[in-house]
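Chains as they are written, first to last, in the working numbering: chain S, 34 to 147; chain D, 726 to 837.
Here's what the structure looks like:
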């Protein structure tokens with residue numbers, strides 16, 4: 034257990050529904066990242082926050098995706114109007130101030146869109 | 726050309742042997758390199774990082790970096806069945822703040 038927790042662990046939804054995932058990073062970590070991983074692939078960067086500021090978003094992140102970190106602590110990732118292609122493992126990671134490249138990943142949320 | 730390339734494997738080595746995992750990257754200005762281990766159904770776990778040319782050793786693991794040739798490798802000595810996992814190479818590219826780019830991973834199987 035790295036100390037990064039994600040909820041839920043699994044989510045099954047129907048196409049067109051909205052889903053929201055939550056991530057609680059390690060408490061002293063100021064950076065929080067969202068990645069997406071599909072079977073047989075490495076994690077793909079989606080977005081990251083430094084404290085409450087969202088500093089970078091991937092071109093992979095369509096308008097249907099939105100992420101927030103309102104108080105610089107936990108973060109949420111929402112996917113609106115889900116599509117079957119959104120099925121993946123959504124991974125959250127956090128990093129320690131001064132050691133920004135060393136990511137500690139949560140267990141992930143496995144999304145299945147039917 | 727993919728930014729970070731790895732052979733997907735599986736790489737099969739007998740118990741006690743040395744496993745050699747390789748990774749090449751395209752961004753010549755990359756500064757930091759990482760190896761993550763990912764067991765099936767689990768999330769990635771950082772096992773090694775290297776910033777300078779040469780070798781870096783940590784227990785049974787050795788990371789090797791050659792910036793001129795744009796490759797980084799991971800050696801696992803005295804391989805154990807518990808080392809069976811997918812090993813992900815990750816690179817911190819120039820101008821991308823803290824965004825890591827991952828390869829697709831190499832699946833390692835350590836056989837008895």
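In this text, a Cβ means the ideal position worked out from N, Cα and C, and glycines have one as well.
Between residue 748 of chain D and residue 61 of chain S, what straight-line distance do the alpha-carbon atoms span, to the nearest angstrom?
-> Their backbone Cα atoms lie some 32 Å apart in a straight line.
In chain S, which residues lie less than 9 Å from residue 759 of chain D when you measure between Cβ atoms?
-> What residue 759 of chain D touches in chain S: 134, 135, 136.
Sufficient close CB pairs (3 or more, under 8 Å) joining the region 728 to 736 of chain D to the region 114 to 128 of chain S | Not touching, per the Cβ criterion.
CB-CB under 7 Å to residue 785 of chain D, same chain, minus the five flanking residues each way: which ones, in chain order?
-> Closer than 7 Å at Cβ, skipping near neighbours: 801, 802, 803.
In whole angstroms, what is the alpha-carbon distance linking residue 79 of chain S and residue 832 of chain D?
-> Here the alpha carbon of residue 79 of chain S sits roughly 24 Å from the alpha carbon of residue 832 of chain D.
Between residue 94 of chain S and the rest of its own chain, which residues show a CB-CB distance below 7 Å, the 5 nearest in sequence each way excluded?
-> These residues qualify, in order along the chain: 79, 80.
Could you confirm whether any beta carbon from chain S is found closer than 8 Å to the beta carbon of residue 737 of chain D?
-> No, because no Cβ of chain S sits closer than 8 Å to the Cβ of residue 737 of chain D.
Where DSSP assigns a beta bridge to residue 138 of chain S, which residues make up the other side?
-> DSSP lists S/126 as the bridge partner or partners of residue 138 of chain S.
The region 34 to 41 of chain S / the region 96 to 103 of chain S touching (three or more Cβ pairs under 8 Å) | Using a Cβ-Cβ distance cut-off of 8 Å, the region 34 to 41 of chain S and the region 96 to 103 of chain S are not in contact, since fewer than three pairs of beta carbons, one from each stretch, lie closer than that value.
Best match in S/147, S/48, S/139 for proximity to residue 766 of chain D [C-alpha to C-alpha] | Scanning S/147, S/48, S/139 for the CA closest to the CA of residue 766 of chain D turns up S/139.
Measure the C-alpha to C-alpha separation of residue 117 of chain S and residue 145 of chain S and round it to an integer number of angstroms.
-> In a straight line, the C-alpha of residue 117 of chain S is about 8 Å away from that of residue 145 of chain S.
Enumerate in chain order the residues of its own chain whose CB-to-CB distance from residue 772 of chain D is below 7 Å, with the five nearest sequence positions on each side excluded.
-> Same-chain partners within the cutoff: 760, 761, 762, 786.
Do you know offhand how far residue 121 of chain S's Cα is from residue 110 of chain S's?
-> Taking the straight line from one Cα to the other gives about 13 Å.
Among S/72, S/106, S/56, which one has its Cα closest to the Cα of residue 119 of chain S?
-> Closest by alpha carbon: S/72.
Tell me where the beta strand (DSSP E) around residue 762 of chain D begins and ends.
-> Taken as a continuous stretch (DSSP letters only), the beta strand (DSSP E) holding residue 762 of chain D covers 757 to 763.
Using DSSP with H/G/I as helix, E/B as strand and the rest coil, what is residue 38 of chain S?
-> If DSSP states are grouped into helix, strand and coil, residue 38 of chain S belongs with the strands.
Run down chain S in chain order and give the residues with a C-beta less than 8 Å from the C-beta of residue 786 of chain D.
-> Those within 8 Å of residue 786 of chain D in chain S number zero; the least Cβ separation is about 15 Å.
What residues match up with residue 783 of chain D in a beta bridge as DSSP calls it?
-> DSSP output for residue 783 of chain D lists D/786 as bridge partner(s).
So residue 827 of chain D packs on residue 797 of chain D, CB below 8 Å; how close in whole Å?
-> With a beta-carbon spacing of about 13 Å, residue 827 of chain D and residue 797 of chain D fall beyond the 8 Å limit used to define contacts.
Contact list for the region 58 to 89 of chain S against chain D, Cβ threshold 9 Å = Result list: 64, 66, 68, 70, 73, 74, 75, 76, 77, 78, 81, 83, 88, 89.
Counting contacts by CB-CB distance shorter than 8 Å, is residue 829 of chain D in contact with chain S?
-> Output row for residue 829 of chain D: interface = yes.
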